Amino acid sequence: MLSLSVADDKTKGVITALLSGLAYAFPQTRPNTDPASALSRDRCVEHYTQPHVPGESPRRELHHHRDLLQPHSAEHQYYIALYTACSIYVDDHGAADPVSVGEFSQRFANDRKQLDPVFDCYAALLQNAQALWPAVAANAIVRAALEFKTAVYVECTTGKMAVSPSIIPTISA
Numbered sequence: 551m552l553s554l555s556v557a558d559d560k561t562k563g564v565i566t567a568l569l570s571g572l573a574y575a576f577p578q579t580r581p582n583t584d585p586a587s588a589l590s591r592d593r594c595v596e597h598y599t600q601p602h603v604p605g606e607s608p609r610r611e612l613h614h615h616r617d618l619l620q621p622h623s624a625e626h627q628y629y630i631a632l633y634t635a636c637s638i639y640v641d642d643h644g645a646a647d648p649v650s651v652g653e654f655s656q657r658f659a660n661d662r663k664q665l666d667p668v669f670d671c672y673a674a675l676l677q678n679a680q681a682l683w684p685a686v687a688a689n690a691i692v693r694a695a696l697e698f699k700t701a702v703y704v705e706c707t708t709g710k711m712a713v714s715p716s717i718i719p720t721i722s723a
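Structure (structure tokens):
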């Protein structure tokens with residue numbers, strides 16, 4: 551099970567304070583108990599699961615939709631919640647400390663300590679994605695997190711820049 555063991559008490563306090571300050575109410579909707587059956591009846595999915603070449607087996611990954619749509623384990627739910635909390639923290643913290651946001655990717659790639667303890671927790675979380683998801687999904691999670699950090703950094707460091715007409719190329723008709 552994932553834990554905040556990689557985080558110090560300050561990080562735990564920051565995440566706890568952040569989450570307790572959110573005005574979120576869990577939606578009271580009835581769960582869909584059998585999304586896999588509904589998906590398997592979908593004509594688009596049926597098309598992709600049929601062999602396109604005689605003798606060729608159907609796309610294997612599409613037959614795993616039943617496994618992928620099952621309710622997430624407690625470990626997956628914890629990962630998703632912590633990932634979300636860290637992402638919210640990045641977005642909220644970016645303007646106050648753009649350097650730590652801007653250096654995250656390089657430090658992550660080189661397995662170096664981050665400038666912010668919450669970011670150390672976030673880096674450990676991303677490194678653990680492979681333990682919970684197939685490689686393609688884990689890579690997508692890591693890539694999305696790194697792109698998000700870059701976007702937050704760009705937003706925080708260019709927010710006061712004026713847009714200049716000279717940056718727009720002249721288009722001739």
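Under this note's numbering, think of the first position of the sequence shown as 551, with each following residue one higher.
Heads up, the beta-carbon is just placed ideally off N, CA and C, and yes, glycines get one too.
Bear in mind that the values here come from a model prediction, so they are computed numbers and not experimental data.
In this model, Cys706 and Ala690 are separated by some 24 Å (Cα to Cα).
By the CB criterion at 8 Å, Val649 and Lys699 fall outside the cutoff. Ala687 has its alpha-carbon roughly 30 Å from the corresponding atom of Lys560. When rounded, the separation of the alpha-carbon atoms in Ala712 and Tyr703 is 17 Å. In the three-state DSSP reduction, Gln664 falls in the coil class, being neither helix nor strand.
By the beta-carbon neighbour count (other beta carbons within 10 angstroms, threshold 16), Pro684 is exposed. By the Cβ-count criterion, His643 is buried, with 16 or more other Cβ atoms from all chains shown falling within 10 Å of its own Cβ. Around Asp666, the same chain offers His643, Asp647, Ser650 as residues with beta carbons nearer than 8 Å, after the five sequence neighbours per side are excluded.
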